[in-house]
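A.B. asks:
Okay, structure coming up:
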């Protein structure tokens, strides 16, 4: 995840990018009765833990934040050279592909939300299914879902990457520095090495599938089969060469030629081969979409529209919480400050605040599962799902105790016409 704030000429530019990596752990899914314990998906990605040593930081010209300090520094370098927010974000994304491969590789998808001080833009670089994908590709011979290890690990689960096409589109509209300059920090780190972070080490140690891949084991594990220790200098000359190709040829260096052919060969030669083709890769196109926006208190909040579910889910959560506050000032989160931690170290969120947020999110995620989809193929009533009257009906379901499993809102309650 990347967040950038760039203030110039009294305007604030905001950029947010989230990229999914081609990483064997994948995302966790619901537990299935027919899965053996060894076949269950892993837990969600390892978190960095709660930081108690954080302090507010203020800036007047620009600010950058990423999941790894090396990526943050790359963004700062670009901003100091006069680059735009998208310039800095591209540099940061390239570094994250190296230092945070479990989350932010170039072989996945990305959503970009960009504000240039005048308007908000949304760029859709989500990975797409190959043309050869079929409805039954993740079903076994007897019509049952495949075990996680068979479905997720291998070529079947690889989509057509979209990160670089989305970055390219945004750079064409908002970039200031040459594209090639933006990859120099990542190329240098990949060639000379970077220290393995605590987060990467912990993720490697927790991933039981790495040892099953000779190539991944050589890169991520010691000769004894253990996760590389924190601080180990890790080099990736192959990625450095790929980044150099992308820097010199643009995104075409990834979507055409040797890099694209290598991706296809790898996917199709796996024991559980996929159908990814050169035509899939070369034909990928990023899209500019209209952001979803709604008022929350005195602010206007904007997010990524479908096919992302995040923007609508966040707006619903905030809208439900605001509806609770309108019903009773005692339910305003501002009246629920953090409380002393049960461990005696620092503060932790108020239980009352956690309860309200959790219940609002339950309701939002129930609608997410029922109504949100790829709007290119399925009608999505964004206006109805983000209507204040609808928020009030959903907020009325929240009480003093957990509602347990939340149900999606009744379709008839979505009175606004579909967007």
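In full-length UniProt numbering, the protein residues as written are 1 to 419.
For glycine and all other residues, C-beta sits at the position ideal for the given N, C-alpha and C.
Ignore the nearest five residues each way along the sequence and tell me which others in residue 368's own chain have a CB closer than 6 Å to its CB.
C.D. replies: The sequence position of residue 368 within the chain shown is 368, counting from 1. Contacts found: 309 and 313.
A.B. asks: Apply the 10 Å Cβ neighbour rule to residue 128 and answer buried if 16 or more other Cβ atoms are within range, or exposed otherwise.
C.D. replies: For this step, residue 128 is matched to residue 128 along the chain shown. By the neighbour-count rule (16 or more Cβ atoms within 10 Å), residue 128 is buried.
A.B. asks: In terms of DSSP beta bridges, what is residue 347 paired with?
C.D. replies: By 1-based counting over the chain shown, the position of residue 347 is 347. Beta-bridge pairing links residue 347 to 340.
A.B. asks: Which residue marks the beginning of the beta strand (DSSP E) containing residue 124, and which one marks its end?
C.D. replies: Walking along the chain shown from the start, residue 124 turns up at place 124. Its beta strand (DSSP E) spans residues 120-125.
A.B. asks: Do residue 260 and residue 239 come within 8 Å of each other at the CB atom, strictly closer than that value?
C.D. replies: Translated into the one-based positions of the chain shown, residue 239 becomes position 239. Translated into the one-based positions of the chain shown, residue 260 becomes position 260. No, the Cβ-Cβ distance between residue 239 and residue 260 is not below 8 Å.
A.B. asks: Give a yes or no on contact between the segment 114-126 and the segment 148-165, applying the rule of three or more CB pairs nearer than 8 Å.
C.D. replies: Yes, the segment 114-126 is in contact with the segment 148-165.
A.B. asks: Which residue from 351, 328 and 326 puts its Cα closest to that of residue 338?
C.D. replies: Position 338 of the chain shown, counting from 1, holds the residue named residue 338. Ranking 351, 328 and 326 by Cα distance to residue 338 puts 351 first.
A.B. asks: Could you give the DSSP three-state label for residue 138: helix, strand or coil?
C.D. replies: Residue numbering aside, residue 138 sits at position 138 when the chain shown is read from its first letter. Of the three classes helix, strand and coil, the one that applies to residue 138 here is coil, per DSSP.
A.B. asks: When the Cβ atoms of the segment 170-177 are set against those of the segment 84-97, are three or more pairs found closer than 8 Å?
C.D. replies: These segments touch.
A.B. asks: At which residues does the alpha helix (DSSP H) containing residue 184 begin and terminate?
C.D. replies: Mapped onto the chain shown, residue 184 falls at position 184. First-last of the alpha helix (DSSP H) with residue 184: 184-192.
A.B. asks: Are there 16 or more other CB atoms within 10 angstroms of the CB of residue 152, so buried, or fewer, so exposed?
C.D. replies: Here residue 152 is taken as the residue at index 152 of the chain shown, counted from 1. It counts as buried.
A.B. asks: Give the straight-line distance between the Cα atoms of residue 156 and residue 60, rounded to the nearest whole angstrom.
C.D. replies: Counting from 1 along the chain shown, the entry for residue 156 is found at position 156. Counting from 1 along the chain shown, the entry for residue 60 is found at position 60. If I take the Cα positions, the gap works out to 47 Å.
A.B. asks: Give the straight-line distance between the Cα atoms of residue 347 and residue 333, rounded to the nearest whole angstrom.
C.D. replies: Working through the chain shown from its first residue, we reach residue 347 at position 347. Working through the chain shown from its first residue, we reach residue 333 at position 333. The straight-line gap from Cα to Cα measures roughly 16 Å.
A.B. asks: Quick one: what's got a C-beta closer than 6 Å to residue 74's C-beta in the same chain, skipping five residues either side?
C.D. replies: Counting from 1 along the chain shown, the entry for residue 74 is found at position 74. Within the same chain, residue 74 has close Cβ partners 91, 92, 95 and 185.
A.B. asks: Under the assumption that residue 375 contacts residue 307 (Cβ atoms under 8 Å), give the Cβ distance between them as a whole number of angstroms.
C.D. replies: Taking the chain shown and counting its residues from 1, the one referred to as residue 375 is at position 375. Taking the chain shown and counting its residues from 1, the one referred to as residue 307 is at position 307. With 8 Å as the limit, residue 375 and residue 307 qualify as a contact, their Cβ atoms being about 7 Å apart.
A.B. asks: Going by DSSP, what residue range makes up the beta strand (DSSP E) through residue 295?
C.D. replies: Along the chain shown, read from residue 1 onward, the residue named residue 295 stands at position 295. 292-296 is the span of the beta strand (DSSP E), which, as asked, contains residue 295.
A.B. asks: Are the beta-carbon atoms belonging to residue 321 and residue 294 less than 8 Å from one another?
C.D. replies: Position 321 of the chain shown, counted from the start, is the residue given in the question as residue 321. Position 294 of the chain shown, counted from the start, is the residue given in the question as residue 294. Cβ atoms of residue 321 and residue 294: not closer than 8 Å.
A.B. asks: If you drop the 5 nearest sequence neighbours on each side, which residues of the same chain put their C-beta closer than 8 Å to that of residue 373?
C.D. replies: Here residue 373 refers to the residue found at position 373 when the chain shown is read from its first residue. The residues are 306, 307 and 380.
A.B. asks: What three-state label does DSSP hand residue 145 in the structure shown?
C.D. replies: Residue numbering aside, residue 145 sits at position 145 when the chain shown is read from its first letter. The answer is strand: DSSP assigns residue 145 an E or B state.
A.B. asks: If we ignore side chains and look at the alpha-carbon of each, how far apart do residue 166 and residue 111 end up?
C.D. replies: Sequence index remark: in the chain shown, residue 166 carries index 166 (1-based). Sequence index remark: in the chain shown, residue 111 carries index 111 (1-based). In a straight line, the C-alpha of residue 166 is about 8 Å away from that of residue 111.
A.B. asks: Could you give the DSSP three-state label for residue 300: helix, strand or coil?
C.D. replies: Looking up residue 300 in the chain shown gives position 300. Strand at residue 300.
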